[in-house]
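Data first, discussion second: the structure below is written as structure tokens.
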Amino acid sequence: MAEFNVNLRGVGSVSVIDVKGYLDAHTAPELENVFNNLLDQKQYQVVVNFDDLKYISSAGLGVFMAYVETMRENQGDIKFSNMKENVYNIFDLLGFPILYEFFKEEKDAIQKFSEQV
Amino acid sequence: MQQTDNIAALRNFSALVDFSNLINSTLDLHFTLNNILLTCFGKFHTTKGLIALLNEEKVFIVKTSKGFSNEALKTFPHITSDNYDSSENLADFMATNKLQIYQEIKSTEGLKGLILLGTRLTNKIYDEEDISFLRTIINVGATAVENSIAVERLKKVNRDLDSKVNQLSSLFDLSKEFGGVLQEEKISKLLVYSLIGQMLVSKYAIVSCSGGNVKFLENRFDEQNLRIAFKNCDADNFIDVLVSAELIGAFMPFAEAGVELIVPMKINNETKGLILLGKRKSELGYSKSDVEFVASVGSLAIISLENARLFKETLEKQRLEKDLETARNIQNNLLPKSIPKFSNFEIAAFNKSAKMVGGDYYDIVKLDNNQLLFAIADVSGKGVPAALLMANIQAFLKSICKMKLPLSEATNLLNDLVAENTTNGSFITFFWGVIDNEKRELTYTNAGHNPPLLIRNGQITKLKKGGMILGVLPTMIPYLSEEIQLESNDALVLFTDGITEAMNKKWEEFSDERLETLSIELSGFDAAKILNEIKMNVDNFTHGAEQSDDITCLVIKVK
Numbered sequence: 000m001a002e003f004n005v006n007l008r009g010v011g012s013v014s015v016i017d018v019k020g021y022l023d024a025h026t027a028p029e030l031e032n033v034f035n036n037l038l039d040q041k042q043y044q045v046v047v048n049f050d051d052l053k054y055i056s057s058a059g060l061g062v063f064m065a066y067v068e069t070m071r072e073n074q075g076d077i078k079f080s081n082m083k084e085n086v087y088n089i090f091d092l093l094g095f096p097i098l099y100e101f102f103k104e105e106k107d108a109i110q111k112f113s114e115q116v
Numbered sequence: 000m001q002q003t004d005n006i007a008a009l010r011n012f013s014a015l016v017d018f019s020n021l022i023n024s025t026l027d028l029h030f031t032l033n034n035i036l037l038t039c040f041g042k043f044h045t046t047k048g049l050i051a052l053l054n055e056e057k058v059f060i061v062k063t064s065k066g067f068s069n070e071a072l073k074t075f076p077h078i079t080s081d082n083y084d085s086s087e088n089l090a091d092f093m094a095t096n097k098l099q100i101y102q103e104i105k106s107t108e109g110l111k112g113l114i115l116l117g118t119r120l121t122n123k124i125y126d127e128e129d130i131s132f133l134r135t136i137i138n139v140g141a142t143a144v145e146n147s148i149a150v151e152r153l154k155k156v157n158r159d160l161d162s163k164v165n166q167l168s169s170l171f172d173l174s175k176e177f178g179g180v181l182q183e184e185k186i187s188k189l190l191v192y193s194l195i196g197q198m199l200v201s202k203y204a205i206v207s208c209s210g211g212n213v214k215f216l217e218n219r220f221d222e223q224n225l226r227i228a229f230k231n232c233d234a235d236n237f238i239d240v241l242v243s244a245e246l247i248g249a250f251m252p253f254a255e256a257g258v259e260l261i262v263p264m265k266i267n268n269e270t271k272g273l274i275l276l277g278k279r280k281s282e283l284g285y286s287k288s289d290v291e292f293v294a295s296v297g298s299l300a301i302i303s304l305e306n307a308r309l310f311k312e313t314l315e316k317q318r319l320e321k322d323l324e325t326a327r328n329i330q331n332n333l334l335p336k337s338i339p340k341f342s343n344f345e346i347a348a349f350n351k352s353a354k355m356v357g358g359d360y361y362d363i364v365k366l367d368n369n370q371l372l373f374a375i376a377d378v379s380g381k382g383v384p385a386a387l388l389m390a391n392i393q394a395f396l397k398s399i400c401k402m403k404l405p406l407s408e409a410t411n412l413l414n415d416l417v418a419e420n421t422t423n424g425s426f427i428t429f430f431w432g433v434i435d436n437e438k439r440e441l442t443y444t445n446a447g448h449n450p451p452l453l454i455r456n457g458q459i460t461k462l463k464k465g466g467m468i469l470g471v472l473p474t475m476i477p478y479l480s481e482e483i484q485l486e487s488n489d490a491l492v493l494f495t496d497g498i499t500e501a502m503n504k505k506w507e508e509f510s511d512e513r514l515e516t517l518s519i520e521l522s523g524f525d526a527a528k529i530l531n532e533i534k535m536n537v538d539n540f541t542h543g544a545e546q547s548d549d550i551t552c553l554v555i556k557v558k
């Protein structure tokens with residue numbers, strides 16, 4: 000069974016989600032729960048750190064699509080960082096770079112939020 | 000002079016070698032085209048030029064340019080490989096933008112593009128030698144251009160292939176996941192995530208339609224608008240995939256609600272659900288391969304959704320069956336558990352429901368130490384409604400017994416109560432009687448029930464006195480009752496039509512005649528034996544054929 004782990008940390012006012020392992024249709028609900036919690040706590044500035052993510056399926060990508068509008072409507076965003084090339088290729092293939100900001104380093108993504116304010 | 004020419008030729012030659020090395024060192028199309036232009040600029044001292052290449056439709060598209068404003072570039076004419084050399088538009092464009100010459104870029108496969116160059120700073124025209132040099136540059140460049148184009152095409156094919164692989168792996172992923180999920184909400188969530196992730200949409204709806212009922216499992220469109228759109232559009236109308244250009248006529252409201260793609264989800268060619276998607280964030284339309292993906296995911300999902308529905312239905316059915324079983328237990332408890340004993344009479348009774356719960360009823364109530372009340376009834380219809388009415392009459396009977404009214408009057412009251420409680424034509428055939436143990440006297444009232452048989456000395460008397468069936472109308476004509484002086488060895492057989500209408504496999508009925516003959520034959524035995532024999536005879540007659548009606552029989556024997 001493919002493993003998936005999701006962890007949430009706060010860095011200043013920004014919420015950082017660490018995703019690890021395999022994000023597919025089976026594990027997508029776990030990530031969904033994290034986003035639901037963020038909405039409950041009115042946390043709209045989110046960086047997803049993909050450093051340990053090995054694989055993502057379209058269902059996993061769908062979770063980001065499902066929440067990004069709400070985040071943006073509340074002056075927040077979902078930004079991506081530390082993505083491995085094979086994972087980025089999937090995002091790229093489906094056209095995500097038009098809609099989302101990708102950063103090499105997590106701190107750059109967090110920095111971007113403070114610039115916006 | 001000769002010397003100068005040689006030096007010039009040498010310079011040209013070495014420039015060409017440099018150029019050739021440079022552009023053949025890369026497969027980047029833009030870099031190659033850029034270098035062709037720059038080399039020409041350097042050689043001819045011009046500051047303006049562009050290269051247009053033929054696309055797959057054989058139309059020239061500007062790929063690189065220098066010295067043009069964006070506005071000027073937009074005026075580049077629509078020219079094709081067939082008409083460019085006779086095109087006035089091209090001539091006009093060249094004149095307006097002070098372009099002096101154009102040359103074809105040809106490779107071994109034929110025409111690839113055009114290079115257009117502006118006037119020279121030296122104001123010299125392009126002489127023959129210049130043009131021949133230009134041709135040489137182009138010839139060297141053409142191969143590099145061709146290679147770069149081939150690589151670009153390969154990249155695109157690769158990307159398309161990646162995209163297909165990605166779609167397939169998504170499908171694979173989902174098929175694994177759908178197989179194990181039986182909750183409608185979870186399935187539609189999974190479906191949605193895959194679709195919006197793959198298609199990059201934020202407006203979507205998953206709709207289930209069964210029996211003309213449209214249910215939104217997921218919806219991110221304006222619900223009101225979508226409901227209006229569905230109002231004018233039966234689910235049966237959704238047979239094929241509809242892309243935005245086809246959302247016209249009856250489907251127009253969908254387009255107005257922001258829907259750009261409707262994909263039906265079918266089982267056995269019947270549309271069971273719909274996937275509605277809005278505009279793609281990438282601003283791209285839905286390609287054939289996209290639609291195929293959505294349809295494939297949809298057909299996976301609908302099977303899971305259908306399984307979930309069937310599973311839910313089975314659960315509900317099981318719950319209902321459990322309820323019915325409870326109802327049957329309650330109903331069995333409504334029938335007398337023990338039969339009171341009297342010195343001058345024997346009583347035996349039997350009841351069997353054709354369904355889980357039935358509409359037949361009998362009761363035996365000891366009124367006091369000397370008097371016994373017995374009743375038999377058949378409620379119209381079967382199953383739960385009949386059982387409810389049966390429970391109802393049982394309750395009335397128990398209450399009325401306590402009022403110690405004459406039987407005929409009690410029947411008037413009972414009918415009024417039942418008439419008040421029945422709707423849409425339900426009724427009850429009912430017979431009851433009171434036996435006085437000491438006097439061996441029977442008083443009875445028959446409200447439309449199959450007349451019980453009184454067998455005395457091999458003769459049958461049918462007990463018919465009474466009135467109409469219960470529950471049709473409030474009592475207008477009072478019920479009658481009859482008193483009969485019983486004698487020793489008299490047998491009384493009460494039954495419901497489940498006995499006389501019991502069917503064998505040849506669709507023959509047991510019949511009144513059979514029961515009557517049998518009753519006469521058996522009348523000498525005690526009550527239990529008579530009842531058993533009747534039961535056995537009916538069983539032998541039907542020979543295991545399933546009975547559609549409840550069966551009830553009550554036998555009273557005077558000692």
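Sequences listed follow chains H and V, in order.
The first sequence: position 46 = 45 (numbering that gives the first Met the number 0), numbered continuously.
The second sequence: position 112 = 111 (numbering that gives the first Met the number 0), numbered continuously.
All C-beta atoms, glycine included, are put in the ideal place defined by N, C-alpha and C.
| field | Every unbroken beta strand (DSSP E) inside the region 434-462 of chain V [3 residues or more] | value | 440-446, 452-455, 458-461
| task | In the DSSP assignment, find the unbroken beta strand (DSSP E) run with GLY117(V) in it and report its ends. | result | 109-117
| message | Taking CB distances under 7 Å as the criterion, tell me whether TYR192(V) reaches chain H. | response | yes
| said: Please report the straight-line C-alpha distance between LEU36(V) and LEU194(V), rounded to a whole angstrom. | reply: 45 Å
| Start and end residues, alpha helix (DSSP H) containing PHE220(V) | Per DSSP, PHE220(V) belongs to no alpha helix (DSSP H) and is neither H nor E.
| field | 3 or more residues per run - each beta strand (DSSP E) lying fully within the region 457-497 of chain V | value | 458-461, 481-484, 490-494
| request: Output yes if chain H places a C-beta closer than 7 Å to the C-beta of GLY196(V); else output no. | output: yes
| field | For ASN268(V), the three-state DSSP class (helix, strand or coil) | value | coil
| Cβ neighbours of ASP91(V) in the same chain (closer than 8 Å, five flanking residues each side left out) | PRO76
| query | When burial is assigned at 16 or more other CB atoms within 10 Å of the CB, is ASP50(H) buried or exposed? | reply | exposed
| task | Check the DSSP bridge columns for GLU508(V) and list the partner residues they point to. | result | MET502(V)
| Is there contact between the region 157-166 of chain V and the region 132-139 of chain V, where contact requires at least three CB pairs shorter than 8 Å? | no
| said: Can you pull the chain H neighbours of ASN306(V), defined as C-beta to C-beta under 7 Å? | reply: Here the premise fails: no neighbours, minimum Cβ distance about 16 Å.
| query | Does DSSP put PHE132(V) in a helix, in a strand, or in coil? | reply | helix
| query | Cα separation between ASP496(V) and ILE550(V)? | reply | 7 Å
| request: Name, going along the chain, the residues of the region 140-162 of chain V whose beta-carbon falls closer than 8 Å to a beta-carbon of chain H. | output: ARG158, ASP161, SER162
| said: Below 8 Å, how does it come out for the region 167-187 of chain V and the region 10-30 of chain H: are there three or more Cβ pairs, yes or no? | reply: yes
| request: Kindly indicate which residue of ASN423(V), LEU469(V), THR422(V), PHE426(V) has the alpha-carbon position closest to the one of ASN445(V). | output: LEU469(V)
| request: Compare the C-alpha of VAL62(H) against each of GLU72(H), GLY11(H), ILE77(H) and name the closest. | output: ILE77(H)
| said: Can you look up VAL180(V) in the DSSP assignment and give me helix, strand or coil? | reply: coil
| request: Let me know the beta strand (DSSP E) ranges lying completely inside the region 68-100 of chain H, each 3 residues or longer, listed in chain order. | output: 76-80
| In the region 237-281 of chain V, which residue ranges form an unbroken alpha helix (DSSP H) of at least 4 residues, counting only runs that do not cross its ends? | 251-255
| Test item: CB-CB of LEU559(V) and GLN102(V) under 7 Å | No answer is possible for residue 559(V): the residues shown for chain V start at 0 and end at 558.
| What did DSSP end up calling LYS106(H) once you bin it into helix, strand or coil? | helix
| Alpha carbon to alpha carbon, how far is LEU49(V) from LEU283(V)? | 29 Å
| Between which two residues does the alpha helix (DSSP H) containing LYS321(V) stretch? | 287-333
| query | Would you call the region 251-268 of chain V and the region 289-302 of chain V in contact, with 3 or more CB pairs under 8 Å? | reply | yes
| said: Cβ closer than 7 Å: which chain V residues qualify as neighbours of ASP23(H)? | reply: ASP172
| field | Cβ contact (3+ pairs, closer than 8 Å) linking the region 272-289 of chain V and the region 206-218 of chain V | value | yes
| field | Cβ separation of PHE509(V) and ILE519(V), assumed to be a contact under 8 Å, to the nearest whole Å | value | So it is not a contact: roughly 15 Å between Cβ atoms.
| said: Does the CB of LYS287(V) have a neighbour CB from chain H at under 7 Å? | reply: no
| So ALA300(V) and GLN182(V) are in contact, right, with Cβ under 8 Å, and what is the actual spacing, rounded? | About 13 Å; that fails the 8 Å criterion.
| said: Closer than 8 Å is the cut-off here; do at least three beta carbon pairs connect the region 399-416 of chain V with the region 339-353 of chain V? | reply: no
| message | Here's the rule: buried if 16 or more other CB atoms are within 10 angstroms of the residue's CB, otherwise exposed. What is GLU315(V)? | response | exposed
| task | Select from the region 58-72 of chain H all residues with a C-beta closer than 9 Å to any C-beta belonging to chain V, and list them in chain order. | result | ALA58, GLY59, LEU60, GLY61, VAL62, PHE63, MET64, ALA65, VAL67, GLU68
| message | Looking at the secondary structure, which residues open and close the beta strand (DSSP E) in which ALA565(V) lies? | response | Here chain V covers residues 0 to 558 and nothing more, so residue 565(V) does not appear.
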